[in-house]
Structures are given as structure tokens and as C-alpha cells.
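What follows is one structure encoded as C-alpha cells, with my remarks underneath.
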Amino acid sequence: MVYHASTVWLSLALSLFASPALARSVGPRDPVPEGYHAAPYYPAPYGGWLDSWKDAYAKAQDLVSQMTLAEKTNITSGVGIFMGPCVGNTGSADRLGFPQLCLQDSALGVSSADNVTAFPAGITTGATWDKALMYARGVAMGKEFRGKGANVHLGPSVGPLGRKPLGGRNWEGFGSDPVLQAKAAAQHIRGVQEQGVIATIKHYIGNEQEMFRMYNPFQPGYSANIDDRTLHEVYLWPFAEAVHAGVGAVMTAYNAVNGSACSQHSNLINGILKDELGFQGMVMSDWLSHISGVDSALAGLDMNMPGDTNIPLFGFSLWQYEMTRSVLNGSVPVDRLNDMATRVVAAWYKMKQDKDHPRPNFSSNTRDRDGLLYPAAVFSPTGQVNWFVNVQDDHNLVARQVAQDAITLLKNNGSFLPLSGSSKLTVFGTDAQVNPAGPNACLNRACNTGTLGMGWGSGVADYPYFDDPISAIRKRIPDVKFHNTDNFPLIIDTPSPDDIAMVFISSDAGENSFTVENNHGDRDSDKLAAWHGGDRLVQKAAEKFKNVVVVVHTVGPLILESWIDHPSVKAVLFAHLPGQEAGESLTNILFGDVSPSGHLPYSITKAATDFPDSIANLKGFALGQVQDTYSEGLYIDYRSLHQQSIQPRFAFGHGLSYTTFTLTNATIQPITTPLSFTPPPRAPKPSPPILPTTLPAASEAYTPEGFTKIWRYLYPWLPKHEADAAHTIGVEGKEKYTYPAGYATEQRPGPAAGGGEGGNPALWDVAWEVALTVTNAGERFAGKASVQAYLQFPEGGVYETPAVQLRDFEKTRELGPGESERVTVRLTRKDVSVWDVELQNWVVPGAEEVGGGRYTVWIGEASDKLFLACYTDTGECEDGLEPPV
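Residues -23 to -1, 1 to 862 (mature numbering (1 follows the signal peptide of the UniProt record, and there is no 0)) make up the sequence shown, in order.
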């Protein structure tokens, strides 16, 4: 999303300098580099051919079969920006009991609403490396969305994946690795959808920086140029896992991929998402990213959000009444509209929203009880819009647990932490205290004032309260000194050798719709330095104090080299973005109530230049379409560092504890081996029943007599003379619409790599299980261990692969000193496969060798702490090894 209701007048003012409509059809595109191509894939596959969605589709087809043309077009589009209580509001088919759907941000809580929980961000959740917590957060969030009456939760986010450390919205996702993102997203989706709320995986795909992402009258959105193998093995991986988890909705990205806009990219939507991955739900556009009418429908888009054209000023739409016209005149086939409407209704039935699902009881536009029903209209009726329903329950406990278990101890020289209640402590930095104007004082959190609990933009929620660090610390040490400034005081009492300075620093980022301290969403100004001179503040404190603890609230990695090796800097904690529970979650760690168990969801390098230019730097302005070519291929984050033999400051997966763990007694067991080179052939794709494709009567599109329209509200009807004229063209077959290259109308049988939700069902078969014993070898502290499994492919094959790749992870329960737990990690067929661009299928590189080749499963607590290995060819495991990288 770009806009929130509170910015309605801003969005309308911005549109004054541009034309009221912008439509781009498939045609000549800006040139992309050699070798990158957006192949056409038509027609859009029908949904409803998988057993897991069979019942929902049967009900949906029955309902849609009773809808008029106008009702079908109405439920597949929004009714206009800020023209209802939610961030997105579809049309309805009230005659048949199908309601207006409420689509609501964000990926960390119910946005623009009262009495909700501001959960820790996705990047914080990823730092827990705890599937159970990822699921629990999803459950709690799903309950709150349902309690507020939202039908569709616009999350989780796995795009951006985190390819670029400076990317503005990396913090909404779970980390810079496809498997970490995938498993976290799947847990979140299950938790949300079990509450009867449709989850939305986003942004599909290649939205790895904020600047220049959007199409506008002067410049197209940038093109993410991604080769086929990289797309499948890196950026598509978490989307495939989300589809396998049964996600109900997918949101396309603003940008283009290989020159074609994501919202009308037939290969991405029709070919890969709906056919190869077997996605059965609905595909929606991101807000105001819809740039064509007929072409986007043919390319597989099912829902236009929020309904307006790119410039949402006068109430124009590329769908709604224009979709009605396009069906009547034969431009959009009737079966395409039927499938669009059926997918929307099927997702509604799939989540059982026909059974007592509440209606929205809040307004994204005002906190008052009464307000405008259609705020963007010039003349709007008023009424009650907020009922102040409290949905928080005890979700603060889940939020605090996530925030606490994400805190990552990077450095702890001499076991300096934990602190005692008698420590003499002086705190520095504005990040230690909540914004003095209030936690929600800045619109969409578009400022970095006070403790940083979340980034800015559409991915936020309002804080019901803010438990800040300084308040929590003062509960432990009442007489703590606090300098609420980011400049080290000129005059300060000379500290004793035992005095401790605790310095709070931060780094923020967000959506490109806001600029904060000259950072345009991405961290293009401050880059990988701490904001507000935070690095200098740490240096000054380290010059004065013998003992310094640094606490960092950040959207992503920072360069710490100016102070990390200073002998006075004893400990460093990354608390990420903790949401409302920033205080107690931190003090529980600082004072040893619990041992830190967070691990980095990204690498921290010694210099930005440790990554290649394509990763390290943002793309700047260019005439025409900005080209962002993924020349690094598979090698992002730790994979890139391994390829270049560069040691990071702190590796992906790194995290210290107050105790130590041993990983012993490992065993590896084959489950579905031996594996064939390619997956077993998929079952034939059945032909689902389809609704009649007869051209509807023009009368189904007539504006009802005596109906009074609200200006800027988008309706599906046409004036009688326009409907009749369009129908005449459709009957005569004289429409001269120019269809895109490669357009076809006959349904395809489906690719070999498909066959189920997420791809060929065999891809999800467990190939090997590795079990091991985790023991708390310490004597004082209880703690949780993070067990990470990385795969090393057979050597000497024709397929180049990264040195090691994360494939699974598990977190133990809290183990007391001497306690043990048996942990099992699993590798699926897909985990041990690569994407063959010629066969267009997943292949197991070692399968053609006698014995299946040697895959090595490396086990450890970080990507650079892999001391235990299990071998698939011999079935043996050994520990005490040197790490492979």
C-alpha cells in the first residue's frame, strides 16, 4: 500500500499535477538487458481443480452463477480510495448475501484502528528463529483482524526478500533468506487463516527497493530483471511455500519484472503463480498500481485495489464500469470474469466467512465515534463509524515473547551481561524513551523520534500504549541517570571504573510515500550508519566510560566498525523493531531473567562494499525505466559473502546466549529415498466445471433507475445507451481490441513442475530427517538453542550452487543447566533440488550418480558455526569439524 485514510487530502493534492487517468497496456516496453524476457502466458488458468479447494469452489460457483454482470464486476474491484471504513473496500452483491469485503493493513497488526496490538515487526519475528512463536503471532493477529471485522489481512510480506540491505521495507518481512522467509510466512498464514481471515502474501515479486517502484505519468516503475533459476530458487521460494500453506490471496508488486509490470505480467500470474504453483485464491493489485483494464484481466489479475486509476482524483476506474463494458463488447471473455469472481468468492467460503463473520466496527479514517462514511467524496453522509471494540485480549504476552526472544546478543565480552540490580547505570540516547508527543504522534510512524518500535508507511499499526526501555529500566534501577539526547553531554560527572553507560541508537526505513530525514523510504541518505549521529554517541560514551552496553533498534544491518572493537564496548544487543513491548522484553534480557536467544536474520558486514554493487547500492534516477538487474543471481547475503570468501562482522544466524549448548548424537535417516532426477509425473490437471460463457444481456449493466450516486464512489453500472452500444459490438463480434502477443483462449494442461498447491506435490515429500541432541552445557542460566540446518550440494555437478544454503531450523524449549532435548530437522525433495531452466522442472543433481551423490547437511547455531555434518550417501554423522565456509 501507499496511502492511508489519514493522508486522503495529501494523496488527492498530489494528483492535481497529473492527468486523472493513466493506463498502460501490454505493448512496446523499455529495453531490458539481454537474456531477460517476460514471456506471454495465456489464458488465465481456471481455479477450482484442486481437492483442497473443491468445496469452496462448489459453493462459489453456485453463488456466482446467480450474479448479474454488474455484480460480478463489483466484487472484483474496490469502490475507491477512502470510500469506506477499510484501507480497501470491494463492491458487494448484497442481493445474494455477498458482502462488501474489508481489506486491511498491516503485516504487524490491524492498521489505522483502535484497541489493537502493535506486534513486533516481521524482521523481529524472523530473528526469533522460532516456528511456534511465528505461528502464535499469526494466531493472535488473525483474531484481531477478525474481531475488527476485516475479511482480508494484507500480510505477511516476503517481498522484499531483503536482497538490498538499504531496502526500505525489508523490516516487514522475516529476513534475507528464502527459507527463513518461507517457513515464517507459512506459520503466519496458518495462524491467521485458522481464525477465518484471508491472508495475503505480498509483494509479488522483485520489489527490493522503494524508490522508483511506481508507475506514474512521467516514468514507469523500475524493472527487476531476474533470471529464471534465480527467480525460482530465491524470490519465488517463499511465495511457493505460502501457496502450499493455502494462502487465500496474493498481492502483486508495483514494479516490473523483466520489463513487464507485475500487475499485468501474464507469465508471473498465469504461468507461474496460477499454473505452476497451483494457486487457487485471488490475485489483487497493490494500491494504485493497476495500470491497464483488459490486459491486466487477461494476465490473471482478479481484483483491482482500491479501484481507482493511478491518479485517484475524479473517480475514474480501469475496471468496475469499464470491466462491465469490456465484457459486453467482447474484449474480456466471460469465462475470465467468471473465474475472477469465483476466486474471490471461493476465498471467502474457504475461510468460512459466510458463517457469522463480523462486519467492520472501526474506521481507518477517524478515531471519532461518528464521521464521514465516504471521506474522499465531496459530499458524504455521516454516521457512526467506530464502535471501539477491544480485540487485544492477552496478545501483549505474545508480542512481548516475540520481542524478547528476538533480541540478539552480538557481543558480550567477559560475560559482561547480564547486569545486576545494583549496577550504576547512565543511559544515553533518545531511542531509550517513547516519543514525547506520544507513540502515534507521527502519521504512519513517519518519523524517528523516541524508541523505534516499527518502520514507517502502510506496514504499521497504532500503539495502544508503549512500554519504553527507560521506564522498564527504572523499575529495576530507580536512580538511573538518563540523558535524553543523541549528543554526548559536554559536562558529565567522571564515572568510576564500575559505572556503566547504556547507549541506545537506531536506524529507520519505510515506504517511499513518505520521506523521513531525507531518507526516501529506502535508507538512501543515512545508509548503514546509525541515525542521529548514533555511532558518534557510542564512541563518545566509550571514551568516557570503561563499560558500555549498546542497544540497537533497527530495520536491518548497520556498519558497526567505528566502535565495535573499542575495549570499553562490552556488549551489543540488537532489539530489532519490538512494537509496543520494547521495555520489559529488553530488561528481561539485560538483567538475566531470561537468556537471549535471538539470532540475526541477515548478515552484518564490515563494509557496504563487501557486497557487490547490485546488492549494496540502490538504483538511482534514469530517463525511461530504471533497470535493476539481479546480476548476482543466487548469491545474496551470506551466500554472496561465502562466494567471495569475505568474513562478515556478524554472520547470518549469529546470536550469543548467557549459556552454552552442545549438539551431539546426530543421526540421519532417509525417508523417501532414493530420489529420481525429476519429481514423479504430476497427475493430469482436471478440467473444473465452468459457468456459462454466454454474453450477458445489456440490461445486467444498466444503472438502476432512481439510484443516486455518490461522487467518486466507483460503481459497476453503465448508462443504458452505453451498455446497449457495448452489447451490440459484442454480439456482432466487431470489437477491434488488439490482444497481446501470444494471447490464446484454450486452457493449458499445466507444467510438469505443477500439480498441487505450491508445485508438484512430491516436492514436499521429506527426503531426509536429521535428529540430534541439544544440551544446555552451562551451569548457571537456562536458555533456548537455535538449531540451523544448511545444505551443501554434491561437488562437481553441472549445477553451480552456493556453498551452503539454509534449509530448516528449530528452536528448543527453554533448557535448564544440564537439560537436553532431541530436535529433528527435515529436508524435502525441493530442498535438495535445483531449478533446471531447460527442463522447466526441479531436478535432484545427485540422483543420476550411483548412490545418489553426497549431500552434506551441516548443523549449527549460525551460518559460520557449523561444526556437525551428516552425509546422505553413507548415513553417517560426525561433529567437531571445521565449518565449511
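Yeah, the Cβ is synthetic: ideal placement off N, Cα and C, and Gly gets one too.
Item	Value
Here's a check: name, in chain order, each residue in its chain whose Cβ is nearer than 6 Å to the Cβ of Pro358, leaving out the five neighbours to either side.	Leu350
How big is the Cα-Cα spacing for Val3 and Val515?	For Val3, the predicted model reports a pLDDT of 48, less than 50, meaning its position is unreliable and no value from the coordinates is stated.
Taking the C-alpha atoms as reference points, what is the distance between Met259 and Gly610?	30 Å
Which residue or residues does DSSP assign as beta-bridge partners of Pro647?	Trp745
Go ahead and pull the three-state DSSP assignment for Val311.	helix
Which residue from Ser797, His130, Val169 and Val135 puts its Cα closest to that of Thr641?	Ser797
Assign Leu816 to one of two classes, buried (16 or more other C-beta atoms within 10 Å of its C-beta) or exposed (fewer than that).	exposed
Ala643: which of Ala486, Asp475, Ile836 and Lys504 sits nearest, CA to CA?	Ile836
Mark Val532 as exposed unless 16 or more other C-beta atoms lie within 10 angstroms of its C-beta, in which case mark it buried.	buried
Indicate the three-state DSSP secondary structure (helix, strand or coil) for Asn193 in the structure shown.	coil
Ordered along the chain, which non-local residues of its own chain (more than five positions away) have a Cβ less than 7 Å from that of Pro578?	Ile100, Gly103, Ala104, Phe151, Gly152, Ser153 and Leu157
I believe Leu394 touches Val526 by the beta-carbon criterion, under 8 Å. Please report the beta-carbon distance rounded to the nearest angstrom.	7 Å
What would DSSP say about Asp347, mapped onto helix, strand or coil?	strand
Taking just the CA atoms, how far does Thr750 sit from Ala238?	49 Å
Would you call Arg806 buried or exposed, if buried means 16 or more other Cβ atoms sit within 10 Å of its Cβ?	buried
Starting from Tyr591, follow the alpha helix (DSSP H) in both directions and report where the run begins and ends.	According to the sequence as given, residue 591 is Ser; it is not Tyr. Where Ser591 is concerned, the enclosing alpha helix (DSSP H) stretches over Asp590 to Ala593.
Considering residue 865, what are the terminal residues of the alpha helix (DSSP H) in which it resides?	Since the first and last residues shown for the chain are -23 and 862, residue 865 lies out of range.
Entirely within the region 407 to 484 and at least 4 residues each: give me those alpha helix (DSSP H) ranges in chain order.	446 to 453
Verify whether the separation of the beta carbon atoms of Thr50 and Thr301 is less than 8 Å.	yes
Does DSSP put Arg72 in a helix, a strand or coil?	helix
In angstroms with no decimal places, state the Cα-to-Cα distance between Leu624 and Thr582.	Checking the displayed sequence, the identity of residue 624 turns out to be Gln instead of Leu. If you take the alpha carbons of Gln624 and Thr582, they lie about 8 Å apart.
Using only the alpha-carbon positions, how far apart do Thr462 and Val404 sit?	10 Å
Please classify Asp252 as buried or exposed, where buried requires at least 16 other C-beta atoms within 10 Å of its C-beta.	buried
Taking the continuous beta strand (DSSP E) assigned at Phe786, which residues delimit it?	Gln782 to Lys788
Have a look at the DSSP bridge pairing and note the partners of Leu640.	Val751
So is Arg114 buried or exposed if we call it buried at 16+ other beta carbons inside 10 Å?	buried
With DSSP as the reference, label Gln361 as helix, strand or coil.	strand
Give a yes or no on whether the C-beta atoms belonging to Phe96 and Leu110 are separated by under 8 Å.	no
For my contact list, Asn373 and Thr94 are in at a C-beta cut-off of 8 Å; report their separation, rounded to the angstrom.	6 Å
Taking all protein chains shown into account, decide if residue 929 is buried (16 or more other Cβ within 10 angstroms of its Cβ) or exposed.	Because residue 929 is not part of the residues shown, which for the chain are -23 to 862, the question remains open.
Can you tell me the Cα-Cα spacing of Thr650 and Trp812, whole angstroms?	19 Å
Quick check: the Cα distance between Leu295 and Ile268, rounded to an integer number of angstroms?	8 Å
How about Val747 and Val809: do their beta carbons lie closer than 8 Å?	no
For Lys160, tell me which candidate among Val366, Ala219, Ser240 and Val437 has the shortest Cα-Cα distance.	Ala219
Taking Arg313 and Leu275 to be in contact with their CB atoms under 8 Å, please state how far apart those CB atoms are, rounded to whole angstroms.	7 Å
Just the C-alpha distance for Asp174 and Asn338, rounded to the nearest angstrom, thanks.	In the sequence on display, residue 174 carries Val and not Asp. Their backbone Cα atoms lie some 15 Å apart in a straight line.
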